[in-house]
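Student: Have a look at the structure that comes next, please.
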Amino acid sequence: MKKNDIQLFDDLDIDQVELKGFARSIAEIEWLLLLIVLLYYMSPDAQIASPAGLLICMELFGAFILGFHYVNFNLPHFKWKLAVETWVMILFITLAVWNTGNVDSPLLNLYLLVIISSSITLGKAITIAEIVLISAVYVLLASRSGVEYSLVEYTEFLIFFLPFMLVAYITTMLAADVNYGKKVFKVLSETDEMTGLLNKRSFSPMLHKATEVAIQYSQPLSAMMIDADNLKKVNDTYGHKAGDKLILTIASTIQDCLRTSDIICRYGGDEFVALLPQLPSDRAIETAERLRSAVENTSFDVDGQRISTTVSIGIATYPDDVLIAEELLEKADETLYESKKAGRNTVISYGKIKAESPDKDIIEQQEFGLRSSDLS
């Protein structure tokens, strides 16, 4: 797979992809509804109370479909839009049935399309609400036809709506199973199998969101790159079972030392990333030192052997020492490299590197100035 393909896959919003598919299916159902009513309208034996009124309804419904689906085609999709469409479908079918025989209309079963659409896309609660509405409409249409409700009429009413309720129940159950499977798949696709932490793919949108919040509200945001110092040595000496346990030990220690609001990700084989929202550089360094010390003082047992490890940590903080928030992770990675060079089991901040290399600070100031001028 090419790098650009991987980036495209990472940038996909799974929920938007699903909603876009639902919207496309709903549009096809709406066109199908319109086509069925149009075919009935053109039938020579059609019994239509107001042909002009039905024609206007079809024109308005067609305009609604065009406006809702094909104007501003690239706008984000939301479930409330799907709900609006199902309610409009109910209105259109009701007007069509009203003009074609009320409860004796051959178009009455078109309500099933609405129930199926709602069950699949909107869930149980809205589907029940729509069934209640359709039931009320049916009672209204029956009273308009002069039906006097008796025990027999109520029985016929229940028999008529039994298929509607069965379709709603079965479709909703199937949709719930599909949604459960989707949620399980989403968790598996966004979670590192070994540690249970976020993986790189799920971390990317969180980094983007955290960066946006930091810029919008002028809040500090620290990034911490953490790397195990001796994974290869442990693997070579004690085997991969010990290496896996080392990774798990570091992951557990990171979780114990950081806040629940911090975002932790297994970024690579022995590399972790932590985002620390609203944490300035000095407090981020304190946190990193506490984490480094905790890892150093933690050991684990493999076949009777006590194994310990250390980590090197690089820190970068916006806006304390990184002026461009989008480069936060890149600068933290550079700092991690310097931490490794310094002898491992160390914590180094990007601010310290800039203080020791004035040229780097000047270059960053120039880049920030160029970026600001481009935006203006």
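Count along the sequence shown starting at 1, add 11, and that's the number in my numbering.
The beta-carbon is built from N, C-alpha and C at its ideal position, and this holds for glycine as well.
Need the endpoints of the beta strand (DSSP E) that Glu-204 sits in, please.
Tutor: Segment: none, Glu-204 is in no beta strand (DSSP E) and carries neither H nor E.
Student: Once the 5 residues before and after Thr-182 are set aside, which same chain residues still bring their CB inside 7 Å of it?
Tutor: Here the set comprises Ile-127, Ser-130, Ile-131.
Student: Applying the 10 Å Cβ sphere with the 16-neighbour rule, what's the burial state of Thr-111?
Tutor: Label assigned to Thr-111: buried.
Student: Report the CB separation of Leu-77 from Ile-104 in whole angstroms; it is logged as a contact under 8 Å.
Tutor: The Cβ separation is near 19 Å, so there is no contact.
Student: Would you please state the rounded distance, in angstroms, between the beta carbons of Tyr-228 and Val-313? I believe it to be under 8 Å.
Tutor: Contact doesn't hold; Cβ gap of about 46 Å is too wide.
Student: Please identify the residue among Met-69, Val-125, Glu-41 whose C-alpha is closest to the C-alpha of Met-53.
Tutor: The candidate whose alpha carbon is nearest that of Met-53 is Met-69.
Student: Output the residue ranges of the alpha helix (DSSP H) runs that lie fully inside the region 240-280 and measure 4 residues or longer, sorted by chain position.
Tutor: Runs found: 242-249, 251-268.
Student: Just to confirm my understanding: we take Leu-106, look at its own chain, exclude 5 residues before and 5 after, and list those with CB closer than 6 Å. What are they?
Tutor: Correct list, in chain order: Cys-68.
Student: What are the start and end residues of the alpha helix (DSSP H) that includes Leu-340?
Tutor: Per DSSP, Leu-340 belongs to the alpha helix (DSSP H) from 339-352.
Student: Measuring CA to CA, which of Ala-234, Ala-63, Asn-356, Ile-47 is closest to Glu-338?
Tutor: Closest option to Glu-338, Cα to Cα, is Ala-234.
Student: Kindly indicate the opening and closing residues of the alpha helix (DSSP H) around Tyr-122.
Tutor: Where Tyr-122 is concerned, the enclosing alpha helix (DSSP H) stretches over 122-132.
Student: Can you tell me where the alpha helix (DSSP H) holding Tyr-361 begins and where it ends?
Tutor: From DSSP, the alpha helix (DSSP H) with Tyr-361 extends over 361-367.
Student: Using the C-alpha atoms, what's the distance from Ile-274 back to Glu-141?
Tutor: Each residue's Cα considered, the two are about 41 Å apart.
Student: When you compare only the Cα positions, how much space is there between Ile-145 and Trp-109?
Tutor: Ile-145 and Trp-109: Cα-Cα distance of roughly 13 Å.
Student: Looking only at C-alpha atoms, which of Leu-93, Pro-231, Arg-317 sits nearest to Ser-292?
Tutor: Out of Leu-93, Pro-231, Arg-317, Pro-231 has the C-alpha closest to the C-alpha of Ser-292.
Student: Please work out which residues of its chain come closer than 6 Å, Cβ to Cβ, to Ser-61, disregarding the five sequence neighbours upstream and downstream, and give them in chain order.
Tutor: Counting only Cβ-Cβ distances below 6 Å, and skipping sequence neighbours, we find Asn-110.
Student: Using a 10 Å radius around the Cβ and a threshold of 16 neighbouring Cβ atoms, would you call Met-205 buried or exposed?
Tutor: Exposed, because fewer than 16 other Cβ atoms sit within 10 Å of the Cβ of Met-205.
Student: Are the CB atoms of Leu-199 and Cys-276 within a distance shorter than 8 Å?
Tutor: Taking 8 Å as the Cβ cut-off, Cys-276 and Leu-199 do not qualify as a contacting pair.
Student: According to DSSP, Thr-328 sits in a beta bridge with which residue or residues?
Tutor: DSSP, once it has assigned bridges, lists Ser-233 as partnering Thr-328.
Student: Any idea what DSSP makes of Pro-288, helix, strand or coil?
Tutor: In this structure, Pro-288 counts as strand in the three-state DSSP scheme.
Student: Specify whether the region 291-311 and the region 207-226 touch according to this definition: at least 3 beta carbon pairs, one from each stretch, less than 8 Å apart.
Tutor: Cβ pair count under 8 Å is below three, so no.
Student: So the candidates are Asp-240, Ala-305, Asn-241; which of them puts its Cα closest to the Cα of Ile-265?
Tutor: When only C-alpha atoms are compared, the closest one is Ala-305.
Student: Does the beta-carbon of Phe-72 have 16 or more other beta-carbons within 10 angstroms, so that it is buried, or is it exposed?
Tutor: Counting Cβ neighbours within 10 Å, Phe-72 comes out buried, since at least 16 surround it.
Student: The ligand NAP heavy atoms versus the CB of Val-322: any closer than 7 Å?
Tutor: Ligands displayed in this structure: none; no statement on the ligand NAP is therefore possible.
Student: Assuming Ile-326 contacts Ala-295 under a Cβ cut-off of 8 Å, what Cβ separation, rounded to an integer in Å, is found between them?
Tutor: That pair is a contact at about 5 Å.
Student: Determine, using beta carbons only, whether Ile-359 and Ala-285 come nearer to each other than 8 Å.
Tutor: Cβ distance not < 8 Å, so Ile-359 and Ala-285 don't count as in contact.
Student: From Ser-272 to Thr-166, what does the alpha carbon distance come to, in whole angstroms?
Tutor: Approximately 57 Å, taken between the alpha carbons.
Student: The alpha helix (DSSP H) spanning Ser-319 covers which residue range?
Tutor: Taken as a continuous stretch (DSSP letters only), Ser-319 belongs to no alpha helix (DSSP H), being part of the beta strand (DSSP E) at 316-319.
Student: Rank Asp-188, Lys-197, Lys-244 by C-alpha distance to the C-alpha of Ser-319 and give the top, closest one.
Tutor: Checking every option, the nearest Cα to that of Ser-319 belongs to Lys-244.
Student: Distance, Cα to Cα, Ala-94 vs Lys-31?
Tutor: Approximately 14 Å, taken between the alpha carbons.
Student: Scan the region 87-121 and note each continuous alpha helix (DSSP H) run of 4 residues or more that stays entirely inside, going in chain order.
Tutor: Runs found: 90-109.
Student: Verify whether the separation of the beta carbon atoms of Asp-281 and Ala-239 is less than 8 Å.
Tutor: Contact flag set, yes.
Student: Excluding five sequence neighbours on each side, which residues of the same chain lie with their C-beta closer than 6 Å to the C-beta of Ile-226?
Tutor: Counting only Cβ-Cβ distances below 6 Å, and skipping sequence neighbours, we find Ala-336.
Student: How close, in whole Å, do the beta carbons of Leu-44 and Leu-124 come, if the pair is a contact with beta carbons under 8 Å?
Tutor: About 6 Å; that satisfies the 8 Å criterion.
Student: Given a threshold of 16 other Cβ atoms within 10 Å of its Cβ, counted over all protein chains shown, does Arg-303 qualify as buried or as exposed?
Tutor: Per the 10 Å Cβ criterion, buried.
Student: Where does Val-82 sit, in a helix, a strand or coil, going by DSSP?
Tutor: Residue state, collapsed to three classes: coil.
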